[in-house]
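To start, the structure under review is shown below, and the notes come after it.
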Amino acid sequence: RILIIDFGSQVTQLIARRVRESGVYSEIHPFNLVTDELLDEYAPKGIILSGGPASVTWEESPRAPKKVFEMGIPVLGICYGQQTMMQQLGGLVETSEHHEFGRAFVDVNKECAIFKGVWEVGAKEQVWMSHGDRVTKLAPGFNVVATSEGAPYAAVANEEKQFYAVQFHPEVVHTPHGAQLIENFTHAVCGCSGDWTMAAFKEQAIEAVRKQVGDKKVICGLSGGVDSSVVAVLLHEAIGEQLTCVFVDTGFMRQGEAEEVVTLFRDHYNIKLVHKDASAQFFDALGDEYDPEKKRKTIGGLFIDVFEAEAKAIGGADFLAQGTLYPDVIESVSFVGGPSVTIKSHHNVGGLPERMDMKLVEPLRELFKDEVRELGKELGLPEKFVGRHPFPGPGLAIRIPGQPLSAELCDILRKADAIYLEEIRNAGLYDAIWQAFAVLLPVRTVGVMGDARTYEFVCALRAVTSTDGMTADYYHFDHEFLARVSNRIINEVRGINRVVYDCTSKPPGTIEWE
Ligand code: XMP
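The end of the sequence shown is residue 560 by the UniProt record's numbering, with every number in the run present.
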């Protein structure tokens with residue numbers, strides 16, 4: 047296994063991800079918590095030093111423990127990791143006039159174990175740089191193996207000691223062959239076998255939960271989304287009866303969704319599940335409100351109230367389980383007043399743990415969405431659950447813009463949405479789309495059905511492709527498909543007599559309409 051020593055880079059988790067992808071287990075430890083004992087106990091086959099926001103030219107800048115370089119194992123330094131390695135081993139680092147941010151090219155000028163089979167001597171390779179400081183004098187025993195315009199020591203190596211250090215970031219996708227460089231390090235250099243899998247992650251995560259929780263009780267908010275579903279099943283495998291899931295049904299779920307959640311988790315998995323149908327409360331609380339932000343606030347606040355009341359009703363719990371993923375976690379290493387690590391995280395159910403005085407169990411904290419899906423498959427969750435499109439917490443309530451919500455409007459939307467999604471699945475397009483849904487507009491238009499005049503609502507269809515929800519393009523359906531969906535919705539859903547397709551990308555639009 048590989049130890050990653052974190053100096054606070056925003057992309058340290060990507061290093062862990064690349065190491066995992068090479069089939070090798072790794073753990074990230076903040077630099078100030080890596081003691082000599084930890085190094086002995088962990089006994090890594092190799093160590094990676096991450097990037098970080100500090101400058102080694104500062105007096106109190108973070109350092110790798112001296113022992114790292116004395117254990118006789120391979121070490122790879124990345125960006126700040128390179129700089130501290132050089133300085134600690136007798137080289138020199140200076141703040142450079144020539145900053146390099148973003149895409150850069152390196153000239154490969156010497157063979158090196160981590161380039162093997164990937165980068166040839168003489169090649170010019172694209173990398174991603176982000177640095178202000180640079181190495182200006184090599185530590186003894188090192189050779190330059192690649193250079194760039196802004197970093198004459200873009201990659202350096204002491205092959206005898208198996209120390210490698212790069213100024214660029216091999217862990218990001220903008221360094222196209224970066225993943226292979228990391229695999230060369232873990233396999234060829236460190237000698238790891240590469241047989242570690244998500245199945246092994248599952249076992250480790252289960253062990254970690256057992257260790258953290260002991261014989262205490264855990265409560266988990268279940269929404270039917272991928273993340274909370276995976277957390278629930280993982281925890282159930284780990285601690286069985288100590289887990290209770292609470293499913294707060296806001297009334298803004300899609301067609302059949304509430305039943306599906308209850309059937310799968312209660313009947314199939316045998317998980318203790320409280321199903322609270324709170325739809326009447328949610329409609330009451332919203333009243334005539336139609337301002338999007340006020341709706342969100344009201345729904346979020348009431349959700350917490352209902353969840354808390356249900357938790358109390360079952361006698362409370364010591365832990366709250368959350369499906370926090372890595373992208374939700376912002377980790378920052380603070381150097382003010384000596385090195386200390388502050389970890390801020392975005393809670394899915396904001397404020398709940400503090401209010402209820404519960405500790406958090408977050409077994410997915412290190413994973414990215416696609417890894418969570420893989421873990422879900424490993425846990426035997428049905429494809430329908432692990433492959434689900436994202437669905438916002440406020441649900442259908444933010445898909446009926448411009449008018450007060452009612453159960454009747456929600457029903458109309460639910461039916462149209464179900465037809466749309468059914469057609470998408472039938473056409474085999476579900477997995478090619480990031481998110482697809484129907485929106486019920488507050489506009490009535492005139493139509494003619496049979497010989498009669500109709501005056502009903504307009505339904506807008508939305509479908510987007512995206513990789514992270516931050517930017518998106520509208521999905522380019524063929525016209526036959528759109529005609530089929532439009533036809534079915536107008537014929538089968540009373541209350542809608544016109545269907546339009548939203549062809550706005552994000553930006554300037556957002557994915558949801560509110
Ligand atoms: P937008 O509409 O901002 O959406 O482009 C980006 C992604 O976030 C989801 N979304 C939400 N999720 N609560 C949530 O849990 C919300 O209030 C919310 N608003 C948007 C949206 O569905 C899309 O996946």
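Beta carbons are placed, not taken as given, at the ideal position from N, Cα and C, and that holds for glycine. Computed from a predicted model, the values in this text were never measured in an experiment.
- Burial is judged here by how many other beta carbons sit within 10 angstroms of a residue's own beta carbon; alanine 185 has at least 16 and is buried.
- Using a C-beta cut-off of 8 angstroms, the region 263-281 makes no contact with the region 123-135, since fewer than three inter-stretch Cβ pairs fall below that distance.
- The count of Cβ pairs closer than 8 angstroms, one atom from the region 298-311 and one from the region 360-369, stays below three, leaving the stretches out of contact.
- Of the residues assessed, threonine 193 falls on the buried side of the cut-off, its CB having 16 or more other CB atoms within 10 angstroms.
- Within the same chain, Cβ atoms closer than 6 angstroms to the Cβ of leucine 268 are found at Ser274, Ala278, Cys291, Phe293, the five residues on either side in sequence being excluded.
- Of all residues, those with a beta-carbon under 6 angstroms from at least one heavy atom of the ligand XMP are Arg342, Pro436, Pro438, Gly439, Pro440, Gln481, Gly515, Lys552, Thr556, Ile557, Glu558, reported in chain order.
- In the assembly as shown, alanine 484 is a buried residue. Its beta-carbon has 16 or more other beta-carbons within 10 Å.
- For the set Val191, His177, Val173, Lys183, the Cα lying nearest the Cα of lysine 162 is the one of Val191.
- The straight-line gap separating the alpha-carbon atoms of glutamine 368 and glutamate 429 is approximately 21 angstroms.
- A distance below 8 angstroms between beta-carbons, with the five flanking residues on each side excluded, links aspartate 295 to the following residues of its chain, in chain order: Ala304, His321, Lys322, Asp323, Ala324, Ser325.
- In the three-state scheme derived from DSSP, where H, G and I count as helix and E and B as strand, histidine 314 is classed as helix.
- Apart from sequence neighbours up to five positions away, the residues of its chain that approach glycine 270 with a beta-carbon distance below 6 angstroms are Glu303, Val307, ordered along the chain.
- When the beta-carbon positions are compared, leucine 371 and leucine 425 stay at least 8 angstroms from each other.
- For aspartate 179, the enclosing beta strand (DSSP E) covers residues 170-183.
- Going by C-alpha positions, histidine 525 is about 14 angstroms away from tyrosine 466.
- Assignment of glycine 422 by DSSP, reduced to helix, strand and coil, places it in the helix class.
- Measuring C-alpha to C-alpha distances from alanine 482 to each of Leu528, Ile94, Ile61 identifies Leu528 as the nearest.
- For lysine 340, the uninterrupted alpha helix (DSSP H) segment begins and ends at 338-359.
- The three-state secondary structure of lysine 405, taken from DSSP, is strand.
- Its chain contains Thr296, Phe298, Lys341, Arg342, Ile345, Gly346 as the residues whose beta carbon lies nearer than 8 angstroms to that of proline 440, once the 5 sequence neighbours on both sides are disregarded; these appear in chain order.
- Around the beta carbon of serine 239, a 10 Å sphere encloses fewer than 16 other beta carbons of the protein chains shown; the residue is thus reported as exposed.
- Spatial neighbours of proline 450 in its own chain (CB-CB distance under 6 angstroms, excluding positions within 5 residues in sequence) are listed in chain order as Asp334, Tyr336.
- Cβ neighbours of tryptophan 480 within its own chain (closer than 6 angstroms, five residues either side excluded): Val510, Thr511, Ser512.
- Straight through space, the alpha carbons of alanine 246 and glutamate 420 are spaced by roughly 12 angstroms.
- If you keep only unbroken alpha helix (DSSP H) runs of at least 4 residues inside the region 59-128, you get 82-88.
- Counting along the chain, the unbroken beta strand (DSSP E) around aspartate 295 starts and ends at 289-295.
- In this structure, DSSP gives leucine 442 a helical state, which the three-state scheme calls helix.
- In the displayed model, valine 492 falls within a strand according to three-state DSSP.
- The region 211-291 contains, as complete beta strand (DSSP E) runs of 3+ residues, the segments 264-267 (chain order).
- Bounds of the alpha helix (DSSP H) holding phenylalanine 431 are 429-432.
- Residue Arg508 holds the alpha-carbon nearest to the alpha-carbon of tryptophan 559 among Lys183, Arg508, Gly137.
- For phenylalanine 209, the closest of Arg445, Val173, Cys236, Phe328 by C-alpha to C-alpha distance is Cys236.
- Per DSSP, histidine 435 lies in no alpha helix (DSSP H) and is assigned neither H nor E.
- Between valine 407 and valine 255 the beta-carbon gap is near 6 angstroms, inside 8 angstroms, which marks them as a contact.
- Glutamate 116 and leucine 475 have their C-alpha atoms some 55 angstroms from each other.
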